[in-house]
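Numbering (our numbering), first residue to last: 249 to 465.
Where is the CB? At the ideal position from N, CA and C, for every residue including glycine.
Please read these numbers as outputs of a predicted model, since none were measured by experiment.
Single-structure report; data block below.
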């Protein structure tokens, strides 16, 4: 027990009074609430593009076949890919697929900056998808002309399904993939055409990449 100014109290109560006085004399400042970032139409475009592209699983599957076939199936897969009817269109396809992925990554970065340059990139994406569609068509034609379907039809690198897709399975999925790609091209063109009034743009550039197509927000 302690006596303070003629008042007797327990040491615990005394310490509590001292603590409360200190807190009253030096009140803690509440941290300001973070302003919630509002999503804009431009911010959401990247997720829209990704959602559309996920529907075309053939793009990733063909790239995976080109990159991993030898590791999965050995020399037979290597020999198939190296056939003249297949190799040239497959290499071209892989190049275009990488360019496409780079553009999608750029769209994601620009969307975070809320930059209107994104509409130009979406237009670029539509052209790249059209190129990729032609590459897929050429590749499927080359696979058909090469005769590998008949020559190695009983091998998994041709008839594989599930997680190890063979060429026959990939070719059979090309038609539906083409239809989906055409649909995405139309949607991308519609976004780029109607997203912003071109006369609103200034000479500002996004990291020096686009001329006459970005605008300060």
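Excluding its 5 nearest sequence neighbours in each direction, residue 396 has C-beta neighbours in its own chain below 6 Å: 328, listed in chain order. Taking a cut-off of 8 Å for Cβ pairs, the segment 297-315 and the segment 347-359 touch, as three or more such pairs fall below it. DSSP places residue 310 within a helical segment (H, G or I) once states are collapsed to three. For residue 312, the closest alpha carbon among the candidates 342, 288, 322, 271 is that of 342. Secondary structure in the segment 351-416: the alpha helix (DSSP H) runs of 4 residues or longer, each lying completely within the stretch, are 366-394, 396-399, 404-407 in chain order. Residue 368 counts as buried, since at least 16 other C-beta atoms from the protein chains shown sit within 10 angstroms of its C-beta.
Here residue 418 has 306, 309, 310, 313 as same chain residues with Cβ atoms under 7 Å from its own Cβ, once five neighbours each way along the sequence are excluded. Taking a C-beta distance under 8 Å as the contact criterion, residue 431 and residue 371 do not qualify as a contact pair. Taking 8 Å as the cut-off, the Cβ atoms of residue 324 and residue 405 count as close.
In the DSSP assignment, residue 434 falls within the unbroken alpha helix (DSSP H) covering 422-442. Taking residue 360 as reference, the option from 377, 292, 268 with the minimal CA-CA separation is 292. Around the beta carbon of residue 363, a 10 Å sphere encloses 16 or more other beta carbons of the protein chains shown; the residue is thus reported as buried.
Between the alpha carbons of residue 408 and residue 438 lies a gap of roughly 38 Å.
For residue 349, the closest alpha carbon among the candidates 399, 374, 337 is that of 374. Secondary structure note for residue 326: its alpha helix (DSSP H) is the uninterrupted segment 323-329. One Cα belongs to residue 316, the other to residue 429, and the distance between them is close to 24 Å.
Considering only 340, 366, 265, the residue with the shortest C-alpha distance to residue 288 is 366. The beta carbons of residue 333 and residue 376 sit no closer together than 8 Å.
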